[in-house]
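All remarks here apply to the structure that follows.
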Amino acid sequence: MRAKIFLIITGLLIMTVGGYFVYSIFNSEEAKKVENNDDEVFKEKEDEEDNRILTSKGYEIVHENGAYYIDGYLIVNKTYPLEAGWFPRNTNKEITASTGICKDCLDVEVFEHWTRMKSDASALGLNIYISSAYRSIEYQRGLYAGFVRNRGQAGADNVSARPGHSEHHTALAFDLNCISDAFAATNEGKWVNDNAYLYGFIIRYPKGKTDETGYKYEPWHLRYVGLRLAKELYNNGDWISMEDYFGITSEYS
Ligand SMILES: [Zn+2]
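Each residue of the sequence shown is one higher than the one before, counting from 3 in our numbering.
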């Protein structure tokens, strides 16, 4: 009887100790797995950071859905094109893939700010109006090809953006009034130069910044960037180009 009880107790002891032993091995394996996973996640993050593409001034360049964004701002210039087929989606009037030009199509947020700016100008007796806003990449292709036929490529590049390289594709930019150098000297031109930033707009191709922007001074071409950046670029009247600000080029490759 005693021998039987002894055997049962010993058996129970062996089962308990053995069970605990197996449990601890399994548990430490699990713990190792979790640790390894953590290591891997951490490694991925590090790699991501190392693989980020930055401008010369440290702003991140992201290529997303056919467009380049620098520090979150859509950038279109001679270096950074839009992909063929790209078109703006959130506009005051509907733009589709087949829309060629739309004189007054703007991004919804841009349209709001433009409306406020136009109405404030009007209250001062100034007449500002949009002469040209949206042009599709396809439309620009035909336009540019016409210039190349007449003037050669170098001549065409002086007066027209290559397809995909024009801000007019974005619905974030537009040309005002007479689209000419004379605009700068008009009351409207002067007011726009000094006040556009209060509505989130910039003179996209400032005077004397051709080496940076790739375009000569265009007092009539405005680009919406929002209030914070517009104020920084306005720079108390000494406009800074987006290229200089972000540390990027504007050159055809
Ligand atoms: Zn323009």
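Using N, Cα and C, we set each Cβ at its ideal position, and we do this for glycine too.
Is the closest heavy atom of ligand 1 to the C-beta of residue i under 6 Å?
i      : result
ASP177 : yes
HIS223 : yes
Please classify residue i as buried or exposed, where buried requires at least 16 other C-beta atoms within 10 Å of its C-beta.
i      : result
VAL1   : With the chain covering only 3 through 255, there is no way to say anything about residue 1.
GLN142 : buried
HIS167 : buried
TYR199 : buried
GLU245 : buried
ASN67  : exposed
ASN79  : buried
ASN237 : exposed
ASN152 : exposed
ALA135 : buried
Quick check: what's the CA-CA separation for residue i versus residue j?
i      : j      : result
ILE55  : SER121 : 41 Å
ALA173 : ALA99  : 14 Å
LYS59  : PRO221 : 27 Å
TYR217 : ALA147 : 19 Å
ASP49  : ASN195 : Summary for ASP49: the model assigns pLDDT 49, below 50, so the residue's position carries little reliability; its value from the coordinates is reported in the next sentence. Cα to Cα, the separation comes out at about 44 Å.
ASN179 : HIS223 : 10 Å
PHE44  : GLY144 : Its pLDDT being 45, under 50, PHE44 is placed unreliably in this model, and the value from its coordinates should be taken loosely. If you take the alpha carbons of PHE44 and GLY144, they lie about 50 Å apart.
TYR131 : ASN53  : 44 Å
THR117 : GLU111 : 10 Å
GLU214 : TYR207 : 9 Å
LYS192 : GLU140 : 34 Å
VAL64  : GLY74  : 8 Å
ALA232 : THR101 : 29 Å
ASN39  : PHE89  : Because ASN39 carries a pLDDT of 46, less than 50, the predicted location of this residue cannot be relied on, and the following value inherits that uncertainty. The alpha-carbon atoms of ASN39 and PHE89 are separated by roughly 41 Å.
HIS115 : VAL227 : 11 Å
PHE113 : TYR254 : 30 Å
TRP241 : GLY87  : 32 Å
GLY154 : PRO165 : 16 Å
ILE250 : THR57  : 6 Å
GLY239 : ASN197 : 10 Å
ALA187 : ASP177 : 16 Å
Hey, residue i and residue j are a contact pair by Cβ (cut 8 Å); roughly how many whole angstroms apart?
i      : j      : result
TYR61  : TYR70  : That pair is no contact at about 11 Å.
ASN92  : ASP109 : 6 Å
LEU76  : HIS171 : Not confirmed; about 10 Å, so no contact.
SER133 : ILE181 : 5 Å
LYS209 : TYR219 : 4 Å
Do the CB positions of residue i and residue j come within less than 7 Å of each other?
i      : j      : result
ALA175 : ARG225 : yes
LEU235 : ILE204 : yes
GLU190 : LEU128 : yes
SER243 : LYS211 : yes
ALA158 : VAL150 : yes
ILE72  : PHE185 : no
Going by the C-beta, is residue i closer than 6 Å to any heavy atom of ligand 2?
i      : result
GLU190 : Ligand 2 is absent from the structure shown, which contains only ligand 1.
For residue i, would you say it is in contact with chain D, using Cβ-to-Cβ distances shorter than 7 Å as the test?
i     : result
ILE72 : Chain labels in this structure do not include chain D; a single protein chain is all it has.
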